[in-house]
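Per my numbering, residue 380 is the first one in the sequence shown, and the count goes up by one each step. The beta-carbon is built from N, C-alpha and C at its ideal position, and this holds for glycine as well. Values in this document were obtained by computation on a predicted structure and should not be read as measured data. Notes for the one structure printed next.
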Amino acid sequence: MEADRDMILSHPSQKKARVGRPALRLETERLILRAMTQDDVDAIYAIVGDPIAMQYYPRTFTRQDAVEAIERNLRRYAKDGYGLFAVVLKGSGKVIGDCGLTWQLADDTPMLELGYHLQREHWGHGYATEAARACMEYAFRELGAEKLVSIIFAENQPSRRVAERNGMRVERQVMHSGRPHLLYVITRENYGQA
Ligand SMILES: CC(C)(COP(=O)(O)OP(=O)(O)OC[C@H]1O[C@@H](n2cnc3c(N)ncnc32)[C@H](O)[C@@H]1OP(=O)(O)O)[C@@H](O)C(=O)NCCC(=O)NCCS
């Protein structure tokens, strides 16, 4: 669930992370992360409409939900300069998922979250870890963020392993979207050592 925008935009931590120049394109060895467009709706729906990919979410989402999710990210790019980006596999040029930074509420506090979602056929190759690493680098080096979190349902072991491979550690349990989750955290200081 998206955090309340007015509350987030008035929060001091928001001002800090808005410092820095927008980057609507990041590149890694195997991936390009670029701004989403509505042309990506089928690629996003392939994830959010997949009951197995959504097994740790409250429900599976519709194609219209995917359209609205893209709209939310377009608004984030305009306001924050970042959001969830489309993840493109260089080899094929296809969008295989999304990864990026969004403001989310954990225990009613706005936090900058690193999130990732891949189409099931692309699991198991390290793409989420690689994309998340690029977003971490961007958050700490370009945006000057002090801390990043990932809010992960405890049973979602693949997502937890992505966070752990990138040096995030469980700080505590938090409430998010009305359900308990684990709060994975990495600080800028720890990132330098990861
Ligand atoms: C979370 C999610 C993106 C993780 O996908 P994933 O494919 O397991 O993660 P990665 O792409 O980083 O791949 C890592 C796996 O590939 C393996 N791998 C193979 N080649 C690799 C490489 N070159 N580099 C790194 N890992 C590699 C790793 O060993 C790892 O497998 P393991 O976890 O069994 O040890 C995926 O499960 C998903 O999209 N789930 C639905 C959405 C979701 O729940 N998102 C998170 C919300 S909190």
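Using DSSP bridges, identify the partner residues of residue i.
i, result
"Tyr-456", "Bridge partners of Tyr-456: none, in fact."
"Glu-406", "Ile-411"
"Glu-492", "Thr-481, Val-528"
By the three-class DSSP mapping on this structure, what secondary structure does residue i have?
i, result
"Tyr-563", "strand"
"Gly-546", "coil"
"Arg-400", "Confidence at Arg-400 is low in this model, with a pLDDT of 47, below 50, so the placement of that residue should be treated as unreliable; the coordinate-derived value is given next. Note: Arg-400 maps to coil in three-state DSSP."
"Arg-551", "strand"
"Gln-433", "Reading the sequence as shown, one finds Met at residue 433 and not Gln. Reduced to three states, the DSSP call for Met-433 is coil."
"Arg-558", "strand"
"Asp-477", "strand"
"Thr-416", "coil"
"Ala-485", "strand"
"Phe-464", "strand"
"Glu-521", "helix"
So residue i and residue j are in contact, right, with Cβ under 8 Å, and what is the actual spacing, rounded?
i, j, result
"Arg-442", "Tyr-424", "5 Å"
"Leu-493", "Cys-514", "6 Å"
"Met-415", "Phe-464", "7 Å"
"Val-466", "Leu-527", "Not really, about 18 Å apart at Cβ, beyond 8 Å."
"Gly-462", "Thr-481", "6 Å"
"His-496", "Ile-426", "5 Å"
"Glu-525", "Arg-567", "6 Å"
"Val-549", "Tyr-563", "6 Å"
"Gly-476", "Gln-498", "6 Å"
"Met-547", "Ser-529", "6 Å"
"Leu-491", "Ala-518", "7 Å"
Decide if residue i is buried, meaning its Cβ has at least 16 other Cβ atoms within 10 Å, or exposed.
i, result
"Ala-533", "exposed"
"Arg-404", "exposed"
"Ile-431", "exposed"
"Ser-389", "At Ser-389 the pLDDT is 37, less than 50, meaning the model places this residue with poor confidence; the figure from the coordinates comes in the next sentence. By the neighbour-count rule (16 or more Cβ atoms within 10 Å), Ser-389 is not buried but exposed."
"Glu-509", "buried"
"His-504", "exposed"
"Asp-421", "exposed"
"Ile-565", "buried"
"Arg-520", "exposed"
"Ala-457", "exposed"
"Arg-558", "exposed"
Shorter than 8 Å, the distance from the beta carbon of residue i to the closest heavy atom of ligand 3, or not?
i, result
"Val-541", "Ligand 3 is not part of the structure shown, which contains ligand 1 as its ligands."
Closest Cβ-Cβ distance between residue i and chain B: below 9 Å?
i, result
"Glu-447", "Looking for chain B here will not work: only one protein chain is present."
Exercise. Does the segment 534-551 come within contact of the segment 465-472, defined as at least 3 CB pairs closer than 8 Å?
Worked result: Using a C-beta cut-off of 8 Å, the segment 534-551 makes no contact with the segment 465-472, since fewer than three inter-stretch Cβ pairs fall below that distance.
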